[in-house]
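No gaps in the numbering here: position 9 of the sequence shown is -1 in the numbering used here, and each next residue is one more.
Ideal Cβ placement from N, Cα and C applies to all residues, glycine included.
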Amino acid sequence: MVNLPISSEIIFNKKLKYMAILVSVAAALGVAGFGYSLYLTKTISLYQVHMFVAFGLVVGMVCPAFIMILQEVRKNEIDKALPRVLEEISEGLMSGMTLIESIEEASKKDYGWISRELRILVSQMSWGVPIDLAFEKFAQRVGTDMAQKTTALLLSAIKLGGDLRTTFLSTADFLRKMLEARDDRNEELRPYLTIIYVTLVVFLAMMIMLYSSLQQLLDIQSPILKVAMSKEQLKILLFDLAIMEAAFGGLIASKLSSGTIWPGLKHSILMLLMNTVIFMMFLP
């Protein structure tokens, strides 16, 4: 169980997320601008300016990537806890408790992120908030797709009546099967993440070999064969291609391995760092 001392408001608050993105963009521009100012004073070359831009991209991605990681951790923890919570509520109903009492009893146990939301749900229903409205607000606060669908299903069962104990148990069993299917899918797709990293390494090796081959051609001074490109321009071209490969490769890796794009920012950061360090080592 992952217990992070960060509330859901901080992670899902749109204003805070936009502010974090703006700060990240400002930091990225600051790093790139500092590199360009050094270039204007002829302290570094234009090729090194592009390296500053790459480091700026890394700096700009760190905060959004951190937020995405927290969201993924919270989402996965809530989804995995939902079946156990529903079973706990069903046991309370079987023992003769009311629905509110059963949810309150379940909220006293440590289910991670969802326990706090359950306590808020109980408080709202105790204050006289209609059950359907309280459950809808609960689903909005939780924010995961599985929780929202589960809430809609349970609300329909509550409105239609019937045996809620059986409904909660069958829903818990259904959610557990969905989680197992999702885990199996992620396990099958995980090897594609390795393929993306291997592809990047092969791509970088090709860029270095290509530069080693073409730089000899650029050294040739012949009136017949003229190449309108300097060695630095060639390095810049190859480096920019590698930057795009790393940035978009990380997002594609996340899409293939987990089905979502934006958590791939962490892979983009790693790939950008790999790309820049290798170019600094082999094409200084």
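6 Å Cβ shell around Tyr37 - same chain, five flanking residues per side excluded: As a first step, residue 37 is located in the sequence shown; it is residue number 47 there, counting from the start. Setting aside the 5 residues that flank it on each side, Tyr37 is surrounded in the same chain by Glu222, Lys225, Ile226, each with a C-beta closer than 6 Å to its C-beta; the list follows chain order.
Buried or exposed (CB count within 10 angstroms, at least 16 for buried), Gln61: One-based indexing of the sequence shown puts residue 61 at position 71. By the neighbour-count rule (16 or more Cβ atoms within 10 Å), Gln61 is buried.
DSSP-derived helix/strand/coil call for Gly240: Sequence index remark: in the sequence shown, residue 240 carries index 250 (1-based). Of the three classes helix, strand and coil, the one that applies to Gly240 here is helix, per DSSP.
Under 8 Å between C-beta atoms of Ala18 and Val49: The residue labelled residue 18 in the question sits at position 28 within the sequence shown. The residue labelled residue 49 in the question sits at position 59 within the sequence shown. Yes.
Met87 vs Arg155 beta-carbon contact at 8 Å: As a first step, residue 87 must be located in the sequence shown, where it is residue number 97. As a first step, residue 155 must be located in the sequence shown, where it is residue number 165. At a Cβ-Cβ threshold of 8 Å, Met87 and Arg155 do not count as neighbours.
Whether Met136 touches Asp69 by CB criterion (8 Å): Taking the first residue of the sequence shown as position 1, residue 136 is located at position 146. Taking the first residue of the sequence shown as position 1, residue 69 is located at position 79. Yes, the Cβ-Cβ distance between Met136 and Asp69 is below 8 Å.
Any 3 or more C-beta pairs closer than 8 Å across the segment 191 to 202 and the segment 231 to 246: Flag = yes, the segment 191 to 202 and the segment 231 to 246 touch.
Assigned exposure category for Glu178 - 16 Cβ within 10 Å defines buried: One-based indexing of the sequence shown puts residue 178 at position 188. Exposed is the call here.
Segments of 4+ residues assigned as alpha helix (DSSP H) that fall wholly inside the segment 0 to 71: With a minimum length of 4 residues, the continuous alpha helix (DSSP H) runs that stay inside the segment 0 to 71 are 4 to 30.
C-beta atoms of Ile186 and Ala147 nearer than 8 Å: Along the sequence shown, read from residue 1 onward, the residue named residue 186 stands at position 196. Along the sequence shown, read from residue 1 onward, the residue named residue 147 stands at position 157. For the 8 Å CB-CB criterion, Ile186 and Ala147 do not form a contact.
The segment 73 to 81 contacting the segment 253 to 271, beta-carbon criterion three pairs below 8 Å: They do not touch, by the three-pair rule.
Continuous alpha helix (DSSP H) stretch holding Trp103: start and end: Here residue 103 is taken as the residue at index 113 of the sequence shown, counted from 1. Per DSSP, Trp103 is one residue of the alpha helix (DSSP H) stretching across 103 to 116.
Pair within 8 Å by beta-carbon distance, Ser97 and Arg109: Along the sequence shown, read from residue 1 onward, the residue named residue 97 stands at position 107. Along the sequence shown, read from residue 1 onward, the residue named residue 109 stands at position 119. In contact: Ser97 and Arg109 (Cβ atoms closer than 8 Å).
For Ser80, the three-state DSSP class (helix, strand or coil): Counted from its first residue, the sequence shown places residue 80 at position 90. Looking at Ser80 - three-state DSSP - the assignment turns out to be helix.
CB contact flag (Gln283, Ala129, <8 Å): A question about residue 283 goes unanswered here, because the residues of the chain that appear run from -9 up to 274.
Run of the alpha helix (DSSP H) containing Val267, from where it starts to where it stops: Your numbering for residue 267 matches position 277 in the sequence shown. For Val267, the enclosing alpha helix (DSSP H) begins and ends at 255 to 272.
Under 8 Å between C-beta atoms of Lys32 and Thr134: Indexing the sequence shown from 1 puts residue 32 at position 42. Indexing the sequence shown from 1 puts residue 134 at position 144. Not closer than 8 Å, so no.
Classification of Trp103 by the beta-carbon crowding that lies within 10 angstroms, buried from 16 upward: Against the sequence shown, residue 103 aligns to sequence position 113. Classification for Trp103: buried.
Counted within 10 angstroms of its Cβ, other Cβ atoms place Lys256 as buried (16 or more) or exposed: Translated into positions along the sequence shown, residue 256 becomes position 266. Here Lys256 is buried. Its C-beta has 16 or more other C-beta atoms within 10 Å.
Environment of Val13 [buried if 16+ CB atoms lie within 10 Å]: Against the sequence shown, residue 13 aligns to sequence position 23. So Val13 counts as exposed.
Sequence-distant residues of its chain with Cβ nearer than 6 Å to Asp122 (five each side left out): Here residue 122 is taken as the residue at index 132 of the sequence shown, counted from 1. Cβ contact annotation for Asp122 (same chain, cutoff 6 Å, sequence separation greater than five): Leu145, in chain order.
Beta-carbon gap between Ser113 and Ile90 smaller than 8 Å: To locate residue 113, count along the sequence shown from 1; it is residue 123. To locate residue 90, count along the sequence shown from 1; it is residue 100. No Cβ-Cβ contact shorter than 8 Å links Ser113 with Ile90.
Nearest-angstrom Cα separation, counted from Met168 out to Met58: Position 68 of the sequence shown, counted from the first residue, corresponds to residue 58. Position 178 of the sequence shown, counted from the first residue, corresponds to residue 168. Cα to Cα, Met58 sits roughly 23 Å from Met168.
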